[in-house]
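Residue numbers (our numbering): 154 to 447. Just so you know, even glycine gets a beta-carbon here, dropped at the ideal spot from N, CA and C. Encoded as structure tokens, the structure appears first; notes follow it.
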């Protein structure tokens, strides 16, 4: 297929490379053109503008936040202004439910199709085609881009015909990941102050009671204190928890733990954690306990 890809950060670069490896024609655009160079060496075509990346069967966006997606998709020179009728915008960014709703309406008005496809996985998973993709959209549109989704992830899970549903699921998942990091951090601080080796403790947990990937990944990061360079920067994590709380407020769902996590991430940022991985919130309990922290 002929595909555009907009947003070549740590996640997007790996995803675009996998589309190329699967034999698709990929045109890439990034505000910083130098980030496209490795992909050009692999056979991608460079787009000088968002419009130039919107001339194929589909265009992917993998961008940082609502303002970035809104500018690229809904601006006067954006995707809705240039994507051909019937073509599909596949949004993989973690954005608000409200913006996803607006995107769906704008594409429908332009006779384009919109699929929400946020992903679970860190940059190494994106590069290795191990992403879990949560998908929502009109069934024919989803079917049209399924070969593309298969090229970037290990599993695609379609949950709804209503695109915002995928964004709600993604935000709920990131809330749960943050809760794991906070609870792991508190438990590790407790046993470490009692003289237990934190690496041994994490190995015990992740090989018995908590053998899930999220515990293995973040337990290892917390035990090693490996927060830089960030796979997912702390400001982005704080953004996602804010979006989860906004969705909860709209639906009138109390989420007291999410409010706590928002404050923990705010504390991390207040202490200079902007350049750290969001998992560094799991080091705050050790610092609070008088142990070596971040």
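CB-CB length for residue 482 against residue 384, believed under 8 Å: In this structure the chain extends from 154 to 447, so residue 482 is not present and cannot be described.
Give me, in chain order, the residues of the same chain whose beta-carbon lies closer than 7 Å to that of residue 399; leave out the 5 immediate sequence neighbours on both sides. Closer than 7 Å at the Cβ level, and outside the excluded window around residue 399, lie 249.
Please identify the residue among 354, 289, 342 whose C-alpha is closest to the C-alpha of residue 314. The shortest Cα separation from residue 314 among 354, 289, 342 belongs to 289.
What distance in whole Å lies between the Cβ atoms of residue 342 and residue 414, which are believed to be in contact at a cut-off of 8 Å? Going by Cβ atoms, the distance from residue 414 to residue 342 rounds to 17 Å, so no, they are not a contact pair.
To the nearest angstrom, report how far apart residue 380 and residue 392 are at their CA atoms. Roughly 18 Å separates the two Cα atoms.
Tell me, please, which residues DSSP counts as bridged to residue 430. DSSP, once it has assigned bridges, lists 386 as partnering residue 430.
Take the Cβ of residue 246 as the centre, count every other Cβ of all protein chains shown within 10 Å, and call the residue buried at 16 or more, exposed below. Buried, because 16 or more other Cβ atoms sit within 10 Å of the Cβ of residue 246.
Need the endpoints of the alpha helix (DSSP H) that residue 233 sits in, please. Segment 232–235, the alpha helix (DSSP H) holding residue 233.
Would you kindly work out how many angstroms separate the C-alpha atoms of residue 308 and residue 260, rounded to a whole number? Rounded to whole angstroms, the separation of the alpha carbons of residue 260 and residue 308 is 26 Å.
Is residue 183 helix, strand or coil by DSSP? DSSP, reduced to helix, strand and coil, places residue 183 outside both helices and strands of the structure shown, so it counts as coil.
Name the residue from 205, 298, 439 whose alpha carbon lies nearest to the alpha carbon of residue 345. Minimum Cα-Cα distance from residue 345 among the listed residues 205, 298, 439 corresponds to 439.
For residue 349, the residue or residues it bridges with in DSSP: Beta-bridge pairing links residue 349 to no other residue.
On the three-pair Cβ rule with 8 Å, is the segment 317–329 touching the segment 251–271? They touch, by the three-pair rule.
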